[in-house]
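J.:
Protein chains in written order, with our numbering: chain A, 516 to 629; chain B, 70 to 185.
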C-alpha cells in the first residue's frame, strides 16, 4: 500500500531564506509524486510532479522538489521564501500498480515571517 | 484556466438527513474523484469514478455514500443518512486528458459539510 510521511507539522522560515518541506514515501511500484498547496478556505492547487527523468523537478511559483530514490524522499524546496508562500503543503504519491488514487501526507504548515 | 466548481460552499444539515454535494469537473476530463478533509487532518481519498462507474473506493466510502454523473457535466456525492463524523470539507477533483499517469488532479474549492 502507498503511504506518505510529512514529519514536520510546521516549518518556520524568514522571508528571503531558503525553505525545505520534507516528504518521504512508500510504494510497491514506481512512484508518481506530487506537491499540492492549500490556501485558507481553498482547494488544493497543484505545484509540481515527478514521474520519470531528472531528479530535480521545477514547478509553479519558484518551487522545486528533489526526488531521491535511495532515501525514498521528495522534499519541496525554494531558494528564497516569500511571505505569500505561507500555506499548507501536501505531498502525495500514486504508484503505477493501480488506478489513480492519490495518497496524501498529513500536510505541513509553512509560515514565512517578514 | 478551466476550473472544477463545487456547490454549495457550505452545507449545514441535521444528523440523519440526506445531503447531495455537487461538482462540475473540467469539461474534457475523464476521471472524477471525491476526497475529504476533516478539520486539521489529512486529505483522504473517498472514491474515483470513470466511464460511468466507480473504479476505486476507500473503506470510508460505505453504503451511506454514493456517486453519480447524472447528465454528463455534474458529478455528485450523496450521503444518505449523515452522521456527526461526516462533518468535513469535501473536495471534488478531476483529471485525465490523455496520459493518465501524467495528469495531475485539479481540485475544486470544496464544500464544508457541517452535521449538527
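In this text, a Cβ means the ideal position worked out from N, Cα and C, and glycines have one as well.
Under three-state DSSP, which class holds residue 599 of chain A?
T.: Three-state result, residue 599 of chain A: helix.
J.: For my contact list, residue 552 of chain A and residue 563 of chain A are in at a C-beta cut-off of 8 Å; report their separation, rounded to the angstrom.
T.: So it is not a contact: roughly 10 Å between Cβ atoms.
J.: Check each candidate in B/145, B/185, B/179 and name the one with the smallest Cα separation from residue 89 of chain B.
T.: Considering only alpha carbons, the answer is B/145.
J.: Might you give, ordered along the chain, the residues of its own chain that have their beta carbon closer than 6 Å to the beta carbon of residue 167 of chain B, omitting 5 neighbours on each side?
T.: Only weak support exists for where residue 167 of chain B lies, its pLDDT of 43 falling under 50; the coordinates are left without a value.
J.: Check whether the stretch 541 to 555 of chain A and the stretch 603 to 611 of chain A touch, using three or more Cβ-Cβ pairs below 8 Å as the test.
T.: Counting Cβ pairs under 8 Å, three or more are found: they touch.
J.: How long is the line joining the alpha carbons of residue 603 of chain A and residue 591 of chain A, rounded to whole angstroms?
T.: Roughly 12 Å between the two C-alpha positions.
J.: Does residue 151 of chain B pass the burial test, meaning 16 or more other C-beta atoms within 10 Å, or should it be called exposed?
T.: Residue 151 of chain B comes out buried.
J.: With C-beta atoms as the reference, is residue 618 of chain A less than 8 Å away from residue 600 of chain A?
T.: Not a contact, by the Cβ cut-off of 8 Å.
J.: Please state whether DSSP places residue 142 of chain B in a helix, a strand or coil.
T.: In the structure shown, residue 142 of chain B sits in coil (DSSP, three-state: anything other than H, G, I, E or B).
J.: Verify the CB distance criterion: does residue 147 of chain B have a CB-CB separation below 8 Å to chain A?
T.: Judged by the 8 Å Cβ criterion, residue 147 of chain B is not in contact with chain A.
J.: Give the residues of chain A in contact with residue 137 of chain B, contact being defined as C-beta atoms less than 8 Å apart.
T.: The premise fails here: residue 137 of chain B is roughly 19 Å from chain A at the closest Cβ pair, so nothing lies under 8 Å.
J.: Determine, using beta carbons only, whether residue 559 of chain A comes closer than 8 Å to chain B.
T.: So yes, residue 559 of chain A belongs to the interface.
J.: I want to verify the contact list: residues of chain A whose CB lies under 9 Å from the CB of residue 178 of chain B, in sequence order.
T.: Those are 556, 557, 558, listed as they occur along chain A.
J.: Relative to the alpha-carbon of residue 120 of chain B, which residue among B/181, B/173, B/165, B/160 has its alpha-carbon at the smallest distance?
T.: Taking only the C-alpha atoms, the option nearest residue 120 of chain B is B/165.
J.: Would you say residue 112 of chain B lies against chain A (beta-carbon separation less than 8 Å)?
T.: Yes, residue 112 of chain B counts as interfacial toward chain A.
J.: Using DSSP with H/G/I as helix, E/B as strand and the rest coil, what is residue 576 of chain A?
T.: Helix, per DSSP.
J.: Check the Cβ of residue 160 of chain B against every Cβ in chain A and list those closer than 9 Å, keeping chain order.
T.: Chain A residues near residue 160 of chain B: 558, 559.
J.: According to DSSP, simplified to helix, strand and coil, what is residue 99 of chain B?
T.: Residue 99 of chain B falls in the coil class under three-state DSSP.
J.: Could you tell me which chain B residues have their CB closer than 9 Å to the CB of residue 620 of chain A, listed as they occur along the chain?
T.: By Cβ distance, chain B contributes 111, 112.
J.: Per DSSP, which one or two residues make a beta bridge with residue 564 of chain A?
T.: A/549, per the DSSP bridge assignment.
J.: Tell me the DSSP secondary structure of residue 470 of chain A in three-state form.
T.: This structure cannot settle anything about residue 470 of chain A, because the visible part of chain A is limited to 516 through 629.
J.: How should residue 123 of chain B be labelled, buried or exposed, when 16 other C-beta atoms within 10 angstroms of its C-beta is the threshold for buried?
T.: Exposed, because fewer than 16 other Cβ atoms sit within 10 Å of the Cβ of residue 123 of chain B.
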